[in-house]
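Protein chains: 2
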Amino acid sequence: MGNRGILRLSPFSRTCIVDLSCKSEYALLALIELSAHHASGEPLQIRQISAQQSIPDRYLEQLLATLRRAGLVKSQRGARGGYLLVREPWKVSLYDVVSCIEGFEGQPDGDKSPATSEALVVQGVWGEVRQAAEAVLQRYTLQDLLDQRNAKQQIDIMYYI
Amino acid sequence: MGNRGILRLSPFSRTCIVDLSCKSEYALLALIELSAHHASGEPLQIRQISAQQSIPDRYLEQLLATLRRAGLVKSQRGARGGYLLVREPWKVSLYDVVSCIEGFEGQPDGDKSPATSEALVVQGVWGEVRQAAEAVLQRYTLQDLLDQRNAKQQIDIMYYI
DNA sequence: AGTATACCCCGGTTCCCCACTGGGGTTTGC
DNA sequence: GCAAACCCCAGTGGGGAACCGGGGTATACT
Numbered sequence: 015m016g017n018r019g020i021l022r023l024s025p026f027s028r029t030c031i032v033d034l035s036c037k038s039e040y041a042l043l044a045l046i047e048l049s050a051h052h053a054s055g056e057p058l059q060i061r062q063i064s065a066q067q068s069i070p071d072r073y074l075e076q077l078l079a080t081l082r083r084a085g086l087v088k089s090q091r092g093a094r095g096g097y098l099l100v101r102e103p104w105k106v107s108l109y110d111v112v113s114c115i116e117g118f119e120g121q122p123d124g125d126k127s128p129a130t131s132e133a134l135v136v137q138g139v140w141g142e143v144r145q146a147a148e149a150v151l152q153r154y155t156l157q158d159l160l161d162q163r164n165a166k167q168q169i170d171i172m173y174y175i
Numbered sequence: 015m016g017n018r019g020i021l022r023l024s025p026f027s028r029t030c031i032v033d034l035s036c037k038s039e040y041a042l043l044a045l046i047e048l049s050a051h052h053a054s055g056e057p058l059q060i061r062q063i064s065a066q067q068s069i070p071d072r073y074l075e076q077l078l079a080t081l082r083r084a085g086l087v088k089s090q091r092g093a094r095g096g097y098l099l100v101r102e103p104w105k106v107s108l109y110d111v112v113s114c115i116e117g118f119e120g121q122p123d124g125d126k127s128p129a130t131s132e133a134l135v136v137q138g139v140w141g142e143v144r145q146a147a148e149a150v151l152q153r154y155t156l157q158d159l160l161d162q163r164n165a166k167q168q169i170d171i172m173y174y175i
C-alpha cells in the first residue's frame with residue numbers, strides 16, 4: 015500500500031514472501047464497493063470509491079482501466095457515468111482480480127542457457143507455493159468479501175449501540 | 015532473478031502474485047550446495063558456489079552474510095575458509111531461509127488512521143494467502159531439495175547412458 | 001615473518017518499477 | 001452549450017533490486 019510519506023492503510027502489506035501490493039488492494043477495495051452497488055444497476059463513480067476508501071482517484075482510474083480492459087468491469091461515460099461490475103459478485107474470484115492487476119510475466123526465454131538441476135528443483139517448489147496461494151484466491155469471490163464486510167459492519171453497529 | 019540484460023536463470027521468477035526473488039533463489043541454491051557438502055564437514059567457498067550456480071560472487075557474499083547473521087550458516091575465515099551449514103539440512107525449512115532473506119517489515123504504525131472495514135476484510139484474506147504459501151515453505155527442508163536434486167541427477171544420468 | 005587465501009564491512013552504481021500526478025480529449029445527460 | 005465523468009498518454013520522484021569495488025582482517029601455510 016502507499017508508502018510515500020503517507021500513512022499506510024495496511025500494516026500487513028509488506029511482510030515476507032507474499033506481498034499485497036497497493037494495486038491489488040485498491041482494486042479489491044474498489045470491487046467490493048462495486049459489488050455492494052451491483053444490485054442497484056447504477057454506475058459508481060471514481061470519486062465516490064476513492065473518497066470512501068482513501069484511494070488516489072487518478073491512480074484508481076488506471077486500475078479501473080485495467081479491470082475494464084480485462085472485462086471485469088464496464089464503464090459508462092458522460093454525466094452520471096461511472097463503473098459497474100460485468101458479472102455478479104459471486105462469479106468473480108479474487109484470483110480473477112489479482113491476476114488481472116498483477117499481470118503475467120513473459121514466457122520462458124527460448125535462448126536461455128539451461129538452468130541447473132538445483133534451479134529446477136527450487137522452481138518446482140516455488141510452483142507449489144504459488145499454487146497454494148492461488149488456491150486460496152480462487153476459493154473466494156467478491157461476494158464473500160462483501161458478506162464478511164457486512165458481517166463486520168453489523169458487529170460494529172451492535173457495539174455502537 | 016537477474017533481469018539486467020542478462021539471461022534470466024528462471025522463467026518463473028516473475029509471475030503473478032507470488033514472486034521468487036533473485037535473493038531467495040540464490041540463497042536456496044547456495045544452501046542446497048552447502049547441504050550436499052554438509053557431510054564432509056569442510057567449508058565451501060563462495061567462488062565454488064557462485065561458479066556452480068552462476069551467481070555473482072559479490073552478491074552471494076552479501077546473501078551469505080545475511081544467512082550467517084541469522085545463524086543459518088557459519089563461516090571460516092582465512093585460507094581454506096568458507097561456509098558451512100549450522101544445522102543439518104533436514105532441520106532447516108525453506109521458510110527459515112526465505113523469511114531470513116526477504117525479511118520482515120516493520121510493526122503496524124500506531125498513528126495510522128484506522129482502516130476501513132473493507133480494508134480489514136482484504137487483509138484478512140491476504141493473511142490466508144500468506145499462510146498457505148508459508149505452509150508449503152514450512153513443509154520442505156533443505157534435505158528435501160537435496161533429495162529431489164539427487165533424484166533428478168540420477169534420472170539425467172540414466173538418460174545419458 | 002611474510003604471503004596468499006577467503007571472509008568482513010562499507011559504500012557505491014544503474015536501472016526498473018511503484019505509487020502516484022497532470023493535461024487534455026471525448027462522450028453523455030441535462 | 002456546458003458540466004460531469006470516463007479515456008489516453010505522459011511524466012515524476014523515490015526506493016529497492018541486482019549488482020560491483022575497495023580495502024581491512026583473520027587464518028593457514030611456507
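As you go down the protein sequences, you meet chains P and U in turn.
Residue numbering for the first sequence follows this note's numbering, beginning at 15 and increasing consecutively.
Residue numbering for the second sequence follows this note's numbering, beginning at 15 and increasing consecutively.
Cβ coordinates follow ideal geometry from the N, Cα and C atoms, glycine included.
- Annotation for K88(U): the continuous beta strand (DSSP E) segment containing it runs 87-90.
- Check the Cα spacing between I46(P) and each of Y174(P), Y173(P), Q162(P): the tightest is with Q162(P).
- Taking 8 Å as the threshold, the shortest C-beta distance from I171(P) to chain U does not fall below it.
- Bounds of the beta strand (DSSP E) holding G96(P) are 96-99.
- Separation of A133(U) and E39(P) (C-alpha to C-alpha, rounded to the nearest whole angstrom) is 8 Å.
- Closest in alpha carbon position to Q59(P), among L98(P), Y73(P), V32(P), K37(P), is L98(P).
- At a cut-off of 8 Å between beta-carbon atoms, I175(U) makes no contact with chain P.
- Rounded to whole angstroms, A129(P) and D158(P) show a C-alpha spacing of 41 Å.
- L58(P) is bridged by DSSP to Y97(P).
- Distances from the alpha-carbon of S54(U) to those of V111(U), P103(U), R82(U), V150(U) put P103(U) closest.
- Below 8 Å, too few C-beta pairs join the segment 137-147 of chain P and the segment 77-96 of chain P to call them touching: fewer than three.
- A straight line joining the alpha-carbon of R91(P) with that of T80(P) spans about 16 Å.
- For A53(U), there are no C-beta contacts with chain P under 8 Å, since the nearest C-beta of that chain is about 17 Å from it.
- Beyond the five residues adjoining it in sequence on each side, A84(P) comes within less than 7 Å, by CB distance, of C114 in the same chain, given in chain order.
- Not flagged as an interface residue toward chain P: S64(U), since no C-beta distance is shorter than 8 Å.
- Residues of the same chain with a CB within less than 8 Å of the CB of L74(U), apart from the 5 flanking positions on each side, are Y40, A44, I60, I63, S64 in chain order.
- CA-CA distance, K105(P) to V150(P), rounds to 15 Å.
- Residue environment analysis places I171(U) among the exposed positions, since fewer than 16 neighbouring C-beta atoms fall within 10 angstroms of its C-beta.
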